[in-house]
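In full-length UniProt numbering, the protein residues as written are 1 to 168.
Beta carbons: idealized from backbone N, C-alpha and C, even for Gly.
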Ligand SMILES: C[S@@+](CC[C@H](N)C(=O)[O-])C[C@H]1O[C@@H](n2cnc3c(N)ncnc32)[C@H](O)[C@@H]1O
């Protein structure tokens with residue numbers, strides 16, 4: 001792991017990047033959300049290589065730039081994987097690895113109310129998160145990346161501070 005050049009594609013607030021860096025990897029994190037990268041910068045520090053990049057667009061890296069690409073829980077956000085995978089391939093050195101995880105499509109399928117589309121159809125879905133049985137959006141809140149104000153992003157999931165990161 002030490003010295004491996006790793007692209008964390010869809011790094012969000014940087015938990016995977018941090019774990020890899022702690023083990024000696026040289027990590028570049030990309031995400032389409034500037035708000036998420038702001039959180040990642042708080043976690044990883046000012047010298048972290050973090051860039052706003054949409055995985056649907058051409059990647060701003062030279063060929064053979066990375067030993068590994070990690071795409072943890074991000075590819076299922078994309079409607080079409082083909083162009084993204086084709087873009088990731090050349091930035092990996094020959095023999096480099098793409099390590100990816102996605103939500104299991106069955107979980108998405110059964111979470112939809114009937115009548116469900118075909119399991120094999122391309123569909124999009126939205127997760128409606130609730131907290132203590134209450135929906136933020138039903139209460140009139142909307143999500144705003146720039147409103148994330150806690151020092152530690154993980155604190156946001158503690159119920160007493162649940163309103164942090166949401167705007168009325
Ligand atoms: C569930 S999070 C995964 C975070 C992190 N990889 C992990 O495992 O903890 C998915 C991330 O993918 C990012 N994402 C979604 N679509 C993207 C796209 N087209 N290009 C880049 N990032 C994208 C989101 O902004 C979000 O931060």
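Cutting at 7 Å between CB atoms, please list the residues of its own chain near residue 16, excluding the five before and the five after it.
As a working mapping, residue 16 is identified with position 16 in the chain shown. Taken in chain order, the residues that qualify are 8, 70 and 72.
Under 8 Å between the Cβ atoms of residue 49 and residue 29?
Translated into the one-based positions of the chain shown, residue 49 becomes position 49. Translated into the one-based positions of the chain shown, residue 29 becomes position 29. It is a contact, given that the beta carbons lie within the stated cut-off.
C-alpha distance - residue 34 paired with residue 52, whole-angstrom precision:
On the chain shown, residue 34 is found 34 positions in, with the first residue counted as 1. On the chain shown, residue 52 is found 52 positions in, with the first residue counted as 1. Near 6 Å, if we compare the C-alpha coordinates of residue 52 and residue 34.
Three-state secondary structure assigned by DSSP to residue 106
Taking the first residue of the chain shown as 1, we reach residue 106 at position 106. The answer is helix: DSSP assigns residue 106 an H, G or I state.
Could you tell me if residue 1 is buried or exposed, where buried requires 16 or more neighbouring beta carbons within 10 angstroms of its beta carbon?
Indexing the chain shown from 1 puts residue 1 at position 1. Classification of residue 1: exposed, given that the 10 Å Cβ count is below 16.
Neighbourhood of ligand 1 [Cβ distance below 6 Å to any heavy atom], ordered by chain position:
Checking every Cβ against the heavy atoms of ligand 1 under 6 Å gives 10, 11, 12, 15, 16, 31, 32, 33, 36, 54, 55, 56, 72, 73, 74, 77 and 78.
Measure the C-alpha to C-alpha separation of residue 27 and residue 12 and round it to an integer number of angstroms.
In the chain shown, residue 27 corresponds to position 27, counting from 1. In the chain shown, residue 12 corresponds to position 12, counting from 1. About 13 Å.
Less than 8 Å separating the beta-carbons of residue 99 and residue 68?
In the chain shown, the residue the question calls residue 99 occupies position 99. In the chain shown, the residue the question calls residue 68 occupies position 68. Yes, the pair counts as a contact, with Cβ atoms nearer than the cut-off.
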